[in-house]
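Chemist: Handing you this structure, nothing more for now.
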Amino acid sequence: MLTPEYLWSAADVVVNTYDEMNNWAIRDMAERIMTAELYGDKLPGTARYRAWMMNQSGMHYEDMSKKLAEITKKAEPDIMKLFIEAGLTSVANDYAPFGMDPYDITKDKVATQILESVYKKTKGELHNYTRTTLDQSNKLFVDVLDKAFYEVSTGMRSYNEVIQEAIETVSKEGCTVKYPSGHVDKQEVAVRRGLMTGVNQAAAELCLHNCEVLGTDYVIVDAHEGARYSETDKIANHLGWQGGVYKIHGVGTYSNEKKDIISKIIKFLHKIGIHVKNDTIPNLEEETGYPSNPLGLCGYNCRHCISPFLPQYEKAEYKNIKVDQEKSKREYDLMQKQRAKERSIRDTRRELIGLDVAIENCKDEETKFNLQMNYDKIAKKLERQTDAYNKFCDENNLTRDYNRMQTAKFDRDQAYKATRGAKRYDAVDVQEHKVQHLKGDNRNIVNTRVVNSKNYTEKFDGVGSNKKVDNIIKNRTLDILDERNGTNLESVSYMDIRTGKEIVYNNTTDLEFGVKLTEDEKRYISNYDGNLIAIHNHPQSSRPSYGDIITMQDQKNVEKIIVAAHNGKVYIISNIDRTVNLETMYEKEITFYKKNGFDIALAKKKALDAIYEKGVFEYEER
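Structure, rendered in structure tokens:
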């Protein structure tokens, strides 16, 4: 028997080795894409393009074949080691409940044959899967470049646009494998599934051999929370059959296997037609699908395993193990969400690898600039994904699996570049904030005549749940304005919109025209049970920035934001539509205005104007 934890991490080393292939392919395709001069007077005719493409495609296929052979050779010793260690561990675990010493599997002919057979089968399957990667990768490379050439040559899109899309596509797709059924999976998924299934099946076959050695026809299935479940398929419902005792051949009873007086009485009752509850031991294959049904025990991605069961040695903890089914379903659903977040982080890291290669090899300055802008945007996305992953794990008491977020070649240098990119993205957002201020009176002195007037008090009518809360919010706003008078610094307060209770106040930043919440503050806001209103000042009296709006959309329990301008104006945003992808909308608008001759700062300002006009939120200026 192998534990779920053992099976979960057993394949990590080999998966990481094959992941080198994935990232090598992304880099190679990105480099070749950037050599395609599909712009200006360098745009080739169809015949010249086809000749170039066939040459590049052939070289990519040949180089990738060599790389695959190198990776396969590198992985083989680790795969063999994996099976040997799994065999030793499995046999030791099978014998442990009975206080017996395990036999030496290297001297047991049957055990050796089992390990060798499953090892060769698994290695062959991996070889077949990964060979399809060559064709899949080459097809991807040709398809993205054919699309790019067609769209540029027909005038449908610019070189800059098609290159951005081509790099994004190859980075997100990476290496895939194609099964005989036609189903396509990411290479890492196929390798991990193949290895985990192979190792588990080897352990199961060793268990059946151990049962023969121990003289039993019974096994017990382990149980763990987070088991797969199905409402429609008995075999696929791992939650239903886990933890049970089963007979390998036919159906059995506990009473037939014991010699004590109670068992004799039960056997007598059976003979006269009286059924005794919990005495029957069902058949292994009928209940779990092992070994014939790949949806069941020891099938695809299954982390359940079996171990020998001897009724005469039974202990309570080894009989019909029970778990809380509702809790287990919740654990399974949470685990699926966690795995999805980890996959998204890996995909984003690969996208950054592809963009980095594209930037290094780009000859067109405008395209290089836009690739860098996109890199910074994706780097910021990675930062947000990582923050969201950590928050999700904290909220649900889950252990972070950092190995599942890693991708080969995303080393310290790549991580450093990504961190710098995210900071540049933040800095551009602050610069946008400053550009907006140019339309104001360019002064950071608070207009005390206005903010101390009765008219200013009336600007807060209806911002809270009642008059009392309105007044609390107004007074906190005045405190912020008084504190930041004559500076370009900002402070922010988050208050309960029903009671006026302040839950977070941040005035510690020395960042001009911005405020940065701590991770603890973000977590507290997110976990707060109630709707909030966020208040902060704008020293140069501009309306809410893109950063303000996107932050509000991300903070699900923020009902309103108030921006208190130093000139006495009050801006309010409420009822934001959180189903709209504001980030994509904003980037598209920027691209549009840049194509029409605007520099980046003005393009961002025009893009923000467009967002205000689209009605994604309600906006008031008081």
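With the sequence shown counted from 1, adding 328 to any position gets you our numbering. Note that the Cβ used here is the ideal one computed from N, Cα and C, for glycine as well.
(1) Would you kindly check if the distance between the Cβ of glycine 682 and the Cβ of alanine 338 is under 7 Å?
(2) Spell out whether any CB of chain C is found under 7 Å from the CB atom of tryptophan 352.
(3) To the nearest angstrom, how far is the alpha carbon of tryptophan 569 from that of asparagine 718?
(4) Pairs of beta-carbons, one from the segment 887 to 896 and one from the segment 861 to 874, closer than 8 Å: are there three or more?
(5) Need the endpoints of the beta strand (DSSP E) that alanine 892 sits in, please.
(6) I think isoleucine 918 touches alanine 935, with their Cβ atoms under 8 Å apart; what is that distance to the nearest whole Å?
(7) Which value, in whole angstroms, describes the spacing of the CA atoms of valine 517 and tyrosine 447?
(8) Just to confirm, are histidine 388 and phenylalanine 477 a CB contact at a threshold of 7 Å?
(9) Tell me, to the nearest whole angstrom, how far the beta carbon of asparagine 702 is from that of glutamine 492; I am working on the premise that it is less than 8 Å.
(10) Give me the Cα-Cα distance between glycine 943 and glutamate 496, rounded to the nearest whole angstrom.
(11) Between which two residues does the beta strand (DSSP E) harbouring methionine 663 extend?
(12) If you run the structure through DSSP and keep just helix, strand and coil, what is asparagine 611?
(13) Could you tell me the distance, in whole angstroms, from the CA atom of methionine 484 to the CA atom of glycine 373?
(14) Take asparagine 903 as the anchor and find which of Ser620, Leu638, Gln883, Ile831 has the nearest alpha-carbon.
(15) Of the choices Phe738, Asn466, Thr616, whose alpha-carbon is the least far from that of isoleucine 673?
(16) Here's a check: name, in chain order, each residue in its chain whose Cβ is nearer than 7 Å to the Cβ of asparagine 621, leaving out the five neighbours to either side.
(17) Only counting the same chain, and skipping five residues up and downstream in sequence, which positions put a Cβ closer than 8 Å to that of valine 343?
(18) Touching or not, the segment 550 to 557 and the segment 432 to 445, by the rule of three or more beta carbon pairs under 8 Å?
(19) Going by DSSP, name the residue or residues bridged to alanine 862.
(20) If I measure Cβ to Cβ from tyrosine 377 and keep anything under 7 Å in the same chain, skipping five residues before and after, which residues do I get?
(21) Going by other Cβ atoms of all chains shown within 10 Å of its Cβ, with 16 needed for buried, is lysine 418 buried or exposed?
(22) Would you check if the distance between the CB atom of isoleucine 354 and the CB atom of arginine 678 is smaller than 7 Å?
(23) Can you pull the DSSP bridge partners for threonine 322?
(24) Residues in the same chain with beta-carbon distance under 8 Å from isoleucine 609, minus the five sequence neighbours each way, listed in chain order, please.
(25) If you reduce the DSSP assignment to three classes, tell me which class tyrosine 628 lands in.
(26) Which same chain residues, not among the five before or five after tyrosine 856, have their C-beta less than 7 Å away from its C-beta?
(27) With a Cβ-Cβ cutoff of 7 Å, do valine 774 and asparagine 724 count as a contact?
(28) Using C-beta distances below 6 Å, list every residue in its chain close to arginine 906, excluding the 5 sequence neighbours before and after it, in chain order.
(29) Among residues of its own chain, excluding the 5 on either side of isoleucine 399, which ones have a beta-carbon nearer than 7 Å to its beta-carbon?
(30) Please name the residue or residues paired with tyrosine 833 in a DSSP beta bridge.
(31) For serine 656 and lysine 665, what's the separation of their Cα atoms in angstroms?
(32) Ignore the nearest five residues each way along the sequence and tell me which others in asparagine 542's own chain have a CB closer than 7 Å to its CB.
(33) Return the first residue and the last residue of the beta strand (DSSP E) that lysine 451 is part of.
(34) Which two residues bound the contiguous beta strand (DSSP E) that contains serine 902?
(35) For the beta strand (DSSP E) holding serine 635, just list the boundary residues, first then last.
(36) Do glutamate 501 and valine 490 have their beta-carbon atoms positioned less than 7 Å apart in this structure?
Modeler: The structure says:
(1) The residue given as residue 338 occupies position 10 in the sequence shown. The residue given as residue 682 occupies position 354 in the sequence shown. No, Cβ-Cβ distance for alanine 338 and glycine 682 is not below 7 Å.
(2) As a matter of chain content, chain C is missing from the structure shown, which is built from one protein chain.
(3) Taking the first residue of the sequence shown as position 1, residue 569 is located at position 241. Taking the first residue of the sequence shown as position 1, residue 718 is located at position 390. Here the alpha carbon of tryptophan 569 sits roughly 33 Å from the alpha carbon of asparagine 718.
(4) The segment 887 to 896 makes contact with the segment 861 to 874: 3 or more CB pairs, one atom from each, lie closer than 8 Å.
(5) Your numbering for residue 892 matches position 564 in the sequence shown. For alanine 892, the uninterrupted beta strand (DSSP E) run begins and ends at 886 to 893, by DSSP.
(6) Along the sequence shown, one-based indexing puts residue 918 at 590. Along the sequence shown, one-based indexing puts residue 935 at 607. About 5 Å separates the beta carbon of isoleucine 918 from that of alanine 935, a gap short enough to meet the 8 Å contact definition.
(7) On the sequence shown, residue 517 is found 189 positions in, with the first residue counted as 1. On the sequence shown, residue 447 is found 119 positions in, with the first residue counted as 1. Rounded to whole angstroms, valine 517 to tyrosine 447 spans 19 Å at the Cα level.
(8) Within the sequence shown, residue 388 is the residue found at index 60, counting from 1. Within the sequence shown, residue 477 is the residue found at index 149, counting from 1. It is not a contact, given that the beta carbons lie outside the stated cut-off.
(9) Residue numbering aside, residue 702 sits at position 374 when the sequence shown is read from its first letter. Residue numbering aside, residue 492 sits at position 164 when the sequence shown is read from its first letter. Cβ atoms of asparagine 702 and glutamine 492 come within 8 Å of each other, at about 6 Å.
(10) As a working mapping, residue 943 is identified with position 615 in the sequence shown. As a working mapping, residue 496 is identified with position 168 in the sequence shown. Spanning the two alpha carbons is a distance of roughly 30 Å.
(11) Along the sequence shown, one-based indexing puts residue 663 at 335. Taken as a continuous stretch (DSSP letters only), methionine 663 belongs to no beta strand (DSSP E), being part of the alpha helix (DSSP H) at 653 to 689.
(12) In the sequence shown, the residue the question calls residue 611 occupies position 283. In this structure, asparagine 611 counts as strand in the three-state DSSP scheme.
(13) Walking along the sequence shown from the start, residue 484 turns up at place 156. Walking along the sequence shown from the start, residue 373 turns up at place 45. Going from the Cα of methionine 484 to the Cα of glycine 373 covers about 16 Å.
(14) Taking the sequence shown and counting its residues from 1, the one referred to as residue 903 is at position 575. Asparagine 903 has its Cα closest to that of Gln883, out of Ser620, Leu638, Gln883, Ile831.
(15) One-based indexing of the sequence shown puts residue 673 at position 345. Nearest C-alpha to isoleucine 673: Phe738.
(16) Counting from one through the sequence shown, the residue named residue 621 turns up at place 293. Excluding the 5 residues flanking it on each side, asparagine 621 has same chain C-beta neighbours closer than 7 Å at Ile563, Gly627, in chain order.
(17) By 1-based counting over the sequence shown, the position of residue 343 is 15. Same-chain partners within the cutoff: Glu516, Val519, Arg520, Leu523.
(18) No contact exists between the segment 550 to 557 and the segment 432 to 445.
(19) Reading the sequence shown from its first residue, position 534 is the one you call residue 862. Alanine 862 is bridged by DSSP to Tyr822, Ile889.
(20) Mapped onto the sequence shown, residue 377 falls at position 49. Excluding five sequence positions before and after tyrosine 377, the CB atoms of its chain that fall closer than 7 Å to its own CB belong to Phe477, given in chain order.
(21) As a working mapping, residue 418 is identified with position 90 in the sequence shown. Reading off the sequence shown, one finds serine at residue 418, where the question assumed lysine. By the 10 Å Cβ count, serine 418 comes out buried.
(22) For the purposes of this step, residue 354 is taken as the residue at position 26 of the sequence shown. For the purposes of this step, residue 678 is taken as the residue at position 350 of the sequence shown. Contact: yes.
(23) Outside the displayed span of the chain (329 to 950) sits residue 322, for which this structure offers no information.
(24) Stepping through the sequence shown from its first residue, residue 609 is reached at position 281. Tyr546, Val573, Tyr574, Lys575, Val579, Gly580, Thr581, Tyr582, listed in sequence order.
(25) As a first step, residue 628 is located in the sequence shown; it is residue number 300 there, counting from the start. For tyrosine 628, the three-state secondary structure derived from DSSP is coil.
(26) On the sequence shown, residue 856 is found 528 positions in, with the first residue counted as 1. Counting only Cβ-Cβ distances below 7 Å, and skipping sequence neighbours, we find Ile831, Asn885.
(27) Mapped onto the sequence shown, residue 774 falls at position 446. Mapped onto the sequence shown, residue 724 falls at position 396. For valine 774 and asparagine 724, no; Cβs fall outside 7 Å.
(28) On the sequence shown, residue 906 is found 578 positions in, with the first residue counted as 1. Hits under 6 Å: Gln881.
(29) Locating residue 399 in the sequence shown gives position 71, counting from the first residue. These residues qualify, in order along the chain: Thr345, Tyr346, Glu348, Met349.
(30) Counted from its first residue, the sequence shown places residue 833 at position 505. Answer is Ser821, bridged to tyrosine 833.
(31) In the sequence shown, residue 656 corresponds to position 328, counting from 1. In the sequence shown, residue 665 corresponds to position 337, counting from 1. In a straight line, the C-alpha of serine 656 is about 14 Å away from that of lysine 665.
(32) Numbered from its first residue, the sequence shown carries residue 542 at position 214. Residue 542 is actually leucine in this sequence, not asparagine. Cβ within range, chain order: Pro636, Leu638.
(33) Taking the sequence shown and counting its residues from 1, the one referred to as residue 451 is at position 123. Where lysine 451 is concerned, there is no enclosing beta strand (DSSP E), although the alpha helix (DSSP H) around it starts and stops at 437 to 481.
(34) Counting from one through the sequence shown, the residue named residue 902 turns up at place 574. For serine 902, the uninterrupted beta strand (DSSP E) run begins and ends at 898 to 902, by DSSP.
(35) The count along the sequence shown starts at 1 and reaches residue 635 at position 307. Bounds of the beta strand (DSSP E) holding serine 635 are 634 to 636.
(36) Here residue 490 refers to the residue found at position 162 when the sequence shown is read from its first residue. Here residue 501 refers to the residue found at position 173 when the sequence shown is read from its first residue. Against a cut-off of 7 Å, the Cβ pair of glutamate 501 and valine 490 comes out as no contact.
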